[in-house]
Structure formats: C-alpha cells, structure tokens
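Chemist: In my numbering, the protein residues as written are 11 to 366. Think of the CB as a built atom: it goes at the ideal place given N, C-alpha and C, for glycine as much as any other residue. For clarity, every value in this text was computed on a predicted model and none was experimentally measured. Please see the structure below; I have some questions.
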Amino acid sequence: MSSLKYLPGRVIWRMPFPFRLANAINPSYTLRCVLYHDISDTTSTFTNGLGVTVSRKSFEDDIRFLAKYYTPVTLDEALHPPAIPKRNYRPVLLTFDDAYASVATEAAPLCQKYGVPAVFFVNSRFVGNQDLALDNLICHVANTRGMDAVNIAASEAEKSPVNLNSVNDACGEFLPRVWGAQRETFRQALVDATGQSIKELAEQAGLYMSLHQLRSLASFNFEIGNHTYSHVYGRNLAGNDFAEEIGRNKSTLESMTGKPIRTFSAPYGAAIDLPGRLVEYLRQLKHESAFLVESSVNNPGTDPMRLLRVSVQVSSNADLFSELEIMPRLRSIRDALFRRPASASPAATQARVAAD
Ligand SMILES: [Zn+2]
Numbered sequence: 011m012s013s014l015k016y017l018p019g020r021v022i023w024r025m026p027f028p029f030r031l032a033n034a035i036n037p038s039y040t041l042r043c044v045l046y047h048d049i050s051d052t053t054s055t056f057t058n059g060l061g062v063t064v065s066r067k068s069f070e071d072d073i074r075f076l077a078k079y080y081t082p083v084t085l086d087e088a089l090h091p092p093a094i095p096k097r098n099y100r101p102v103l104l105t106f107d108d109a110y111a112s113v114a115t116e117a118a119p120l121c122q123k124y125g126v127p128a129v130f131f132v133n134s135r136f137v138g139n140q141d142l143a144l145d146n147l148i149c150h151v152a153n154t155r156g157m158d159a160v161n162i163a164a165s166e167a168e169k170s171p172v173n174l175n176s177v178n179d180a181c182g183e184f185l186p187r188v189w190g191a192q193r194e195t196f197r198q199a200l201v202d203a204t205g206q207s208i209k210e211l212a213e214q215a216g217l218y219m220s221l222h223q224l225r226s227l228a229s230f231n232f233e234i235g236n237h238t239y240s241h242v243y244g245r246n247l248a249g250n251d252f253a254e255e256i257g258r259n260k261s262t263l264e265s266m267t268g269k270p271i272r273t274f275s276a277p278y279g280a281a282i283d284l285p286g287r288l289v290e291y292l293r294q295l296k297h298e299s300a301f302l303v304e305s306s307v308n309n310p311g312t313d314p315m316r317l318l319r320v321s322v323q324v325s326s327n328a329d330l331f332s333e334l335e336i337m338p339r340l341r342s343i344r345d346a347l348f349r350r351p352a353s354a355s356p357a358a359t360q361a362r363v364a365a366d
C-alpha cells in the first residue's frame, strides 16, 4: 500500500517538467512545510516502533533535493512571501518536532552545509535529559517489558481493563483519553514497570538535546518554537493548563535561548489539537504562527495559525516529490469535492499519530 500511494507521483516525476505538471493539478499551492523528528541510523528501545526515525543518508538525500528544486525559507520568509514571486518560486520550510539530540548532532550541520533554514519545536521539560516524554516511555516499556506491561499501566490509570495492541495505539488512542491525575497514574505505573527512576531512564536514553545544544541552535540563527511543556494533546487543555503547558514552555525556552518564541506546533498535529481557544491563547502570548501535521496544500489564504506540514519518511527523490507535490494536491481536491475544509480533515490522526 505504501508504494501504491506514491505511484502517481513516481509516474509524474519521470515525465518532462514534473513540477509544471504538478502545478496544473492545483496552482494555488504555495508554502511547502516539511516535518522530521529523529535523524539517526539506529533506533533505541525509546524510539523503536514510534516511526520517528529517518536515516542520516535519507535525510541528506532529502535536503539535497530541497536545496536543488526549492527555495528553502526562514519562518519570516514563509510568513511574508514576496508580493511578486520570481518564476518557479517554490518556498519550503523545514521543521523538526520534539528536540531529539540527533537533530542537533546530525540534521543541523547538514542544514548548514546546504544552506537550509529550519524551525525546531521543543518541549523544554525534556531538554537536558532529566525526564522522558510519555511517548518515549511507552515505547521503552513496550520494547523491554511487552505490551502487557503497557496495558497493566493503562488499566490502572483508567480503573478498567484496557487492551492496546501497539505503541501507536497507546500514544494515539489511549493517551488522548487520559488527563490530569489519570495521566500521572499511567506515567508512574509505566516508570514502576521499568524498575528504574525516570531520571535514570532519561539519562540512559540521552534522547533529547542538552541545554548547550539548544543554545547552539538558537545562536546559529535557527528558529526555536513552542511544542508544549510536556508534549500533550491540545484538545485536553483547559483552564490553568494553558499557562502550564503553553506559557511556561514559551518563557522557559526564551530564558534558555535568549530569543523570543513566536511560533507553535501542535503535538500529534491533528486539527482537533489546535482548537480555537488554544489559538486565541497562542495569539495572546504573541505567537504569530502555528503548525499542524496534515498533507494538504497551504495557499495564499491559509491561516498562519493553521499551517499544514508533511511528515516525511521516504527513500527516494521520486517519493519525496510525491509527498510534497502530488499527494497534498490530490488531498486538496478530495477535500474540496467532499466540501470538507482541509483543517477539519482527520488525516493527521491516521497512522503514525505517535510520530508527531
Ligand atoms: Zn511532537
């Protein structure tokens, strides 16, 4: 199935003038936004099964492709495009979620080598590896103790039997259901299942950027963005949660980097996780843009608080062409035919929800 979805793009890529042909499908497509997480040739028990890891070679192939066929832009350039763009202007904005250390050690040097600006969305709670995001903790318990251990922890939190089949089910179906004390019970039960403390696990994993790495990125003129303090579902935020998860992360990142934080990406990336009340709060705190994970087109009328990104895991230039040029356009046509606004599409909640 995965190769079939790329078929139209692969065929068009082999034809003369593939970008012109793609443009004919939907000429209003302007800003392409690309999302990555972990750039590494190996996975660990903390990432294996999450679907977040792209090899260094694949990433470099992608970056070379973007630098050759597109105009890689900064966040400012993405938000303020030229009034009269030059011919064949194809702006692309590169983004990374979750602040994996590999992004600082592997991806950032390649971005600099090829002159590609980037935005890094960070959960400040995990910078410095003293704590673990729940997704990575679930992944580690599943890989080392089995899904039974995850189900025992989930059942304890929900006080009724829970039967999850995979890490993706646990992150994409169960996590959005639990909040507050339930979420904390789940988290503690998972930690207990490992027989280690969360600090020991986080230090052992070494998954995320150090404070020094984060500061280095900021000083290299990459943009740092808000991804909530603890990597939580935006649909669950209410009352004081906004200050705890959004305001706290913004002020912590600003004190860490010395730079204003003015952009946000919604963890898990579904439209439901960027509700109007959250957008309003983001605006109050002077966020000027916000990002989802949804493979459709951004056009000149797209709300900068609901920009769409394509999460990329491909193994060839033809497939990257398909992901960036063909599939978003085909989805925009499908959404228009069914009279469904792109931002209301459930596409982002489909497979790989845990990856975002
Ligand atoms: Zn994330």
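Looking at ligand 1, does it come within less than 6 Å of Pro186, judged from the CB to the closest heavy atom?
Modeler: Mapped onto the sequence shown, residue 186 falls at position 176. Pro186 Cβ: outside cutoff for every heavy atom of ligand 1.
Chemist: Going by DSSP, what residues sit across from Ala128 in a beta bridge?
Modeler: Here residue 128 refers to the residue found at position 118 when the sequence shown is read from its first residue. The partner list for Ala128 (beta bridge, DSSP) reads Leu104.
Chemist: Just confirm the distance between the C-beta atoms of Ala300 and Ser275, as a whole number of angstroms; I'd bet it's less than 8 Å.
Modeler: The residue you call residue 300 lines up with position 290 of the sequence shown. The residue you call residue 275 lines up with position 265 of the sequence shown. Sure, about 7 Å apart at Cβ, within 8 Å.
Chemist: Determine the direct distance from the alpha carbon of Asp202 to that of Thr55, and round the result to whole angstroms.
Modeler: For the purposes of this step, residue 55 is identified with residue 45 of the sequence shown, where counting begins at 1. For the purposes of this step, residue 202 is identified with residue 192 of the sequence shown, where counting begins at 1. About 17 Å.
Chemist: Taking only runs that begin and end inside the region 19-89, name each unbroken beta strand (DSSP E) of 3 or more residues, in chain order.
Modeler: As far as the region 19-89 is concerned, its whole beta strand (DSSP E) runs of at least 3 residues are 42-46.
Chemist: Count the other CB atoms within 10 Å of the CB of Asn146; is the residue buried (16 or more) or exposed (fewer)?
Modeler: The count along the sequence shown starts at 1 and reaches residue 146 at position 136. Classification for Asn146: buried.
Chemist: Would you check whether ligand 1 has a heavy atom nearer than 6 Å to the C-beta of Pro270?
Modeler: Here residue 270 is taken as the residue at index 260 of the sequence shown, counted from 1. Flag unset: Cβ of Pro270 not near ligand 1.
Chemist: Relative to the C-alpha of Val151, which candidate in Ser176, Lys169, His90 and Val172 has its C-alpha closest?
Modeler: Within the sequence shown, the letter at position 141 stands for residue 151. Here the closest residue by C-alpha is Ser176.
Chemist: Within the region 315-345, note down every full alpha helix (DSSP H) run reaching 4 residues or more, in order along the chain.
Modeler: Segments of the alpha helix (DSSP H) lying fully in the region 315-345: 327-331.
Chemist: Can you name the residues that DSSP bridges to Ala300?
Modeler: Along the sequence shown, one-based indexing puts residue 300 at 290. Per DSSP, Phe274.
Chemist: Could you say which of Gly216, Ala167, Glu183 and Thr204 lies nearest to Gln192 if we only look at CA atoms?
Modeler: Working through the sequence shown from its first residue, we reach residue 192 at position 182. Considering only alpha carbons, the answer is Ala167.
Chemist: Go through its chain and collect everything with a Cβ distance to Gly125's Cβ below 8 Å, but skip five positions before and after it.
Modeler: What you label residue 125 is simply residue 115 of the sequence shown in a count that begins at 1. Ala77 and Pro82.
Chemist: Along the chain, where does the beta strand (DSSP E) containing Gly311 start, and where does it finish?
Modeler: Residue mapping note: residue 311 aligns to position 301 of the sequence shown, counting from 1. Careful: Gly311 lies outside any beta strand (DSSP E) and carries neither H nor E.
Chemist: Which two residues bound the contiguous beta strand (DSSP E) that contains Glu233?
Modeler: Here residue 233 refers to the residue found at position 223 of the sequence shown. Unbroken beta strand (DSSP E) run through Glu233: Glu233 to Asn236.
Chemist: Would a C-beta distance cut-off of 7 Å place Ala88 and Leu103 closer than the cut-off?
Modeler: Within the sequence shown, residue 88 is the residue found at index 78, counting from 1. Within the sequence shown, residue 103 is the residue found at index 93, counting from 1. For Ala88 and Leu103, yes; Cβs fall inside 7 Å.
Chemist: Which residue comes first and which comes last in the alpha helix (DSSP H) that contains Tyr291?
Modeler: Translated into positions along the sequence shown, residue 291 becomes position 281. Run containing Tyr291: Gly286 to Gln294, per the alpha helix (DSSP H) assignment.
Chemist: If you check the beta carbons only, do Asn36 and Ser342 fall under 7 Å apart?
Modeler: For this step, residue 36 is matched to residue 26 along the sequence shown. For this step, residue 342 is matched to residue 332 along the sequence shown. Contact: yes.
Chemist: Taking only the alpha-carbon atoms, compute the straight-line gap between Gly190 and Ala34 and give it to the nearest angstrom.
Modeler: Locating residue 190 in the sequence shown gives position 180, where the first residue counts as 1. Locating residue 34 in the sequence shown gives position 24, where the first residue counts as 1. Rounded to whole angstroms, Gly190 to Ala34 spans 49 Å at the Cα level.
Chemist: On a Cα-Cα basis, can you pick out the residue from Lys209, Ala114, Tyr99 and Leu14 that is closest to Gln223?
Modeler: Along the sequence shown, read from residue 1 onward, the residue named residue 223 stands at position 213. Checked all of Lys209, Ala114, Tyr99 and Leu14; the closest Cα to Gln223 is Ala114.
Chemist: Going by C-alpha to C-alpha distance, which of Val160, Asp107 and Thr195 sits closest to Asp179?
Modeler: By 1-based counting over the sequence shown, the position of residue 179 is 169. Here the closest residue by C-alpha is Val160.
Chemist: So the alpha helix (DSSP H) Gln192 belongs to, where does it begin and stop?
Modeler: Taking the first residue of the sequence shown as position 1, residue 192 is located at position 182. Per DSSP, Gln192 belongs to the alpha helix (DSSP H) from Ala191 to Thr204.
Chemist: Spell out the partners DSSP gives Tyr110 in its beta bridges.
Modeler: The count along the sequence shown starts at 1 and reaches residue 110 at position 100. In the DSSP output, where bridge partners are listed per residue, Tyr110 has Tyr218.
Chemist: Specify the secondary structure class of His241 as computed by DSSP and reduced to three states.
Modeler: Against the sequence shown, residue 241 aligns to sequence position 231. Here His241 sits in coil by DSSP.
Chemist: If we count the other Cβ atoms within 10 Å of its Cβ and call it buried at 16 or more, is Thr52 buried or exposed?
Modeler: Against the sequence shown, residue 52 aligns to sequence position 42. Exposed.
Chemist: Using a Cβ-Cβ cut-off of 7 Å (strictly less than) and excluding sequence neighbours within five positions of Glu70, which residues of its own chain qualify?
Modeler: On the sequence shown, residue 70 is found 60 positions in, with the first residue counted as 1. Answer for Glu70: Leu120, listed in chain order.
Chemist: Looking at C-alpha atoms only, which residue of Gln214, Arg155 and Thr84 is the closest neighbour of Gly138?
Modeler: Along the sequence shown, read from residue 1 onward, the residue named residue 138 stands at position 128. For Gly138, the nearest C-alpha among the options comes from Gln214.
Chemist: At which residues does the alpha helix (DSSP H) containing Ser265 begin and terminate?
Modeler: Here residue 265 refers to the residue found at position 255 of the sequence shown. Residues Arg258 to Thr267.
Chemist: CB Thr273 to CB Glu255, shorter than 7 Å?
Modeler: Within the sequence shown, the letter at position 263 stands for residue 273. Within the sequence shown, the letter at position 245 stands for residue 255. No, these two residues do not count as a Cβ contact at 7 Å.
Chemist: Looking at the secondary structure, which residues open and close the alpha helix (DSSP H) in which Asn98 lies?
Modeler: Sequence index remark: in the sequence shown, residue 98 carries index 88 (1-based). Run containing Asn98: none; DSSP gives neither H nor E here.
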